[in-house]
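Asker: Numbered according to this note's numbering, the sequence shown terminates at residue 445, and the numbering increases by one at each position without gaps.
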Amino acid sequence: MRTTPHNSPAGRRRWRRIGAAVTATAALLLTGLTTATHAQATPAASAKVTWTRSCALPRHTGEMACNALRVTGGRTAFQQQHGIPPRAADSSTPSGYGPSDLQDAYGLASAAASNGTGRTIAIVDAYDDPNAESDLAAYRSHYGLPACTGANGCFKKVGQTGSTTSLPAPNSGWAAEISLDLDMASAICPNCHILLVEAKSATMTNLGTAVNEAVNLGARYVSNSYGGGESSSDATYDSSYFNHPGVAITVSAGDGGYGAEYPAASKYVTAVGGTRLSASSTTRGWTESVWRTSSTEGTGSGCSAYDAKPAWQTDTGCAKRMIADVSAVADPATGVSVYDTYGADGQGWATYGGTSASAPIIASVYALAGTPSSGSYPAKFPYANTSALNDVTTGTNGTCATSYFCTARTGYDGPTGWGTPNGVGAFTG
17 MRTTPHNSPA GRRRWRRIGA AVTATAALLL TGLTTATHAQ ATPAASAKVT
67 WTRSCALPRH TGEMACNALR VTGGRTAFQQ QHGIPPRAAD SSTPSGYGPS
117 DLQDAYGLAS AAASNGTGRT IAIVDAYDDP NAESDLAAYR SHYGLPACTG
167 ANGCFKKVGQ TGSTTSLPAP NSGWAAEISL DLDMASAICP NCHILLVEAK
217 SATMTNLGTA VNEAVNLGAR YVSNSYGGGE SSSDATYDSS YFNHPGVAIT
267 VSAGDGGYGA EYPAASKYVT AVGGTRLSAS STTRGWTESV WRTSSTEGTG
317 SGCSAYDAKP AWQTDTGCAK RMIADVSAVA DPATGVSVYD TYGADGQGWA
367 TYGGTSASAP IIASVYALAG TPSSGSYPAK FPYANTSALN DVTTGTNGTC
417 ATSYFCTART GYDGPTGWGT PNGVGAFTG
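#1: Quick check: T118 and A203, are their CB atoms within less than 8 Å of each other?
#2: Using DSSP with H/G/I as helix, E/B as strand and the rest coil, what is I100?
#3: By Cβ distance, which residues of its chain are closer than 6 Å to A366, with the 5 residues on each side in sequence left out?
#4: Please report the residue range of the beta strand (DSSP E) in which T136 lies.
#5: Can you tell me the Cβ-Cβ gap for S268 and S179, rounded? I've got them flagged as a contact below 8 Å.
#6: Which runs of the beta strand (DSSP E) spanning at least 3 residues fall entirely within the segment 342-416, listed in chain order?
#7: I need the straight-line Cα distance from T409 to G427, nearest angstrom please.
#8: In the DSSP output, which residue or residues are listed as bridge partners for I210?
#9: I need the boundaries of the beta strand (DSSP E) containing Y237, first residue and last residue.
#10: Return the residue from the list R337, S282, Y237, S256 that minimises the CA-CA distance to A264.
#11: I'd like the span of the beta strand (DSSP E) that includes S69, first residue to last.
#12: Using DSSP with H/G/I as helix, E/B as strand and the rest coil, what is W307?
#13: Could you check the C-alpha separation between A385 and T133 for me, to the nearest Å?
#14: So what does V288 bridge to, in DSSP terms?
#15: Give the DSSP bridge partners of T219, in chain order.
#16: From S248 to D271, what distance separates their C-alpha atoms?
#17: Going by C-alpha to C-alpha distance, which of P146, T88, L196 sits closest to T185?
#18: P186 bridges to which residues according to DSSP?
#19: Could you spell out the range, first to last residue, of the alpha helix (DSSP H) harbouring D254?
#20: Assuming Y155 and D199 form a contact by the criterion Cβ under 8 Å, report the distance between their Cβ atoms to the nearest whole angstrom.
#21: If you drop the 5 nearest sequence neighbours on each side, which residues of the same chain put their C-beta closer than 7 Å to that of N83?
#22: From the DSSP output, read off the bridge partner residues of P437.
#23: Could you say if the segment 273-284 and the segment 320-337 meet the contact criterion of at least three C-beta pairs nearer than 8 Å?
#24: What residue range is occupied by the uninterrupted beta strand (DSSP E) comprising S320?
#25: Hey, out of S419, L124, E214, whose CA is closest to N438's CA?
#26: In whole angstroms, give me the CA-to-CA distance for I339 and T136.
#27: Would the segment 217-224 count as touching the segment 392-401 if we require 3 or more Cβ pairs under 8 Å?
#28: Rounding to the nearest angstrom, what Cα-Cα distance links V65 and S389 in this structure?
#29: Alpha carbon to alpha carbon, what distance is there between V227 and V213?
#30: In its own chain, which residues sit with a C-beta less than 6 Å from the C-beta of Q95, not counting the 5 before and 5 after it?
#31: Between the Cα of A379 and the Cα atoms of S195, G90, A230, S239, which residue gives the shortest distance?
#32: Would you kindly work out how many angstroms separate the C-alpha atoms of R425 and T312, rounded to a whole number?
#33: What separation, rounded to the nearest whole angstrom, lies between the Cα atoms of H209 and G90?
#34: Near G301, what residues of its chain come up, given a Cβ to Cβ distance below 8 Å and the 5 sequence neighbours on each side ignored?
#35: Between H260 and the rest of its own chain, which residues show a CB-CB distance below 6 Å, the 5 nearest in sequence each way excluded?
#36: Would you tell me roughly how many angstroms separate the C-alpha atoms of A127 and P101, rounded to the nearest one?
In structure tokens:
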């Protein structure tokens, strides 16, 4: 979703176009299903990966969209790396990166094996996924991860008021988002407990209420894989929902290319950008660049129109909050494996991308790193530990007047922040 501020002339034109498009396809979009697909070249120039957006676009100010993109065809980087035929839509076979790939890429294998016990990662999404627990069990079983169920106390699902029985209506698109988030938390921190908090709708008010409930229930790591256009209400949302000292709150930077989204623009959260992750012959064994498919498809970034700049953010080109802080894999062509069986999107194994993948990955790295210090804002931790990150220095997510807002460079840049995890050192404090 492109995120030009909707109160600007360009933003108003864009949101009118979105509104018209959604109205024309309301019956389809309200179930989280879209037919539009997008294509990006995989590392082999002749191979193409196509995907579809999981969630409906917002219809009104204050509504959010999830940032999950489901691969529908082509040959992913994982398939090319392992010589697997191009059958990305084959629901019986994983076709994206799994836990061992992600842990290796981000230097987390040792921490994932030994850390996380007793720590709870909260996943905040809209609507209900009736199959969340069983799909999570299938993912973890396939990859040999410890069981995480309601029965053993590892997994819990509640509505935004904390009720385990009064849950929102189900939604296929958001169920896919939920599966993606749960699976990424499992892949990075298999010893962590997982709390799924389901908002009754995709408004910022309800999602924010769910964030508060996650914190009330004891989660110190809260992942949010959604976003929408900025507005003059953002400062109120900041103070009402995201000002939780001592809690690491991560938010997707968006999938619409260059442009700022909220709540990634909140000064209290870690804004997470997206990269293209591929195996390489380097010492690290992996290489990353800014994820971009086209002018309207790629990681979000940009200078907020409303949110104040946090004290620890010192780039000089943006007077307000700059997005992002850090990043992780998000390109669908180099996407991650997810198991989902609910609704039209839920056909078993699929590969997903979008910054919906990167936000729970980073939340889970915070969980591996340890409990944030009392009174701290964990968004500032990477700024004090930049040497413990993989600096992403190539790629762009669009066109901008100030180069680093949309173009990678050595050190800090908008699309990838300070970089991607290289162990847990950048996420402690």
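Glycine included, C-beta positions come from ideal geometry on N, C-alpha and C.
Answerer: Walking through what the data contain:
#1: Note on identity: in this sequence residue 118 is Leu, with Thr being the wrong assignment. Contact: yes.
#2: coil
#3: R86, V354
#4: Boundaries of the beta strand (DSSP E) harbouring T136: 136-142, taken from the DSSP string.
#5: Cβ-Cβ separation between S268 and S179: approximately 26 Å, too far for a contact (criterion under 8 Å).
#6: Listed in chain order, the complete beta strand (DSSP E) runs (minimum 3 residues) inside the segment 342-416 are 342-345, 352-356, 364-369.
#7: 8 Å
#8: I137, F171
#9: Where Y237 is concerned, the enclosing beta strand (DSSP E) starts and stops at 237-240.
#10: Y237
#11: Here the sequence assigns Arg to residue 69, which means Ser is not the residue at that position. 64-69 is the extent of the beta strand (DSSP E) around R69.
#12: coil
#13: 12 Å
#14: S268, V342
#15: E79
#16: 22 Å
#17: Note on identity: in this sequence residue 185 is Ala, with Thr being the wrong assignment. Residue nearest to A185 within the set P146, T88, L196 is P146 (criterion: CA-CA distance).
#18: D144
#19: No alpha helix (DSSP H) contains D254, which DSSP labels as neither H nor E.
#20: The pair is a contact, with the Cβ atoms about 5 Å apart (cut-off 8 Å).
#21: These residues qualify, in order along the chain: S241, Y242, G243, S268, G270, D271, G370, T371, S372.
#22: When DSSP reads this structure, P437 sits in a beta bridge with L405.
#23: A contact exists between the segment 273-284 and the segment 320-337.
#24: 318-324
#25: Per the Cα distances, L124.
#26: In a straight line, the C-alpha of I339 is about 26 Å away from that of T136.
#27: no
#28: 42 Å
#29: 8 Å
#30: S111
#31: S239
#32: 21 Å
#33: 34 Å
#34: D120, A121, A295
#35: V231
#36: 33 Å
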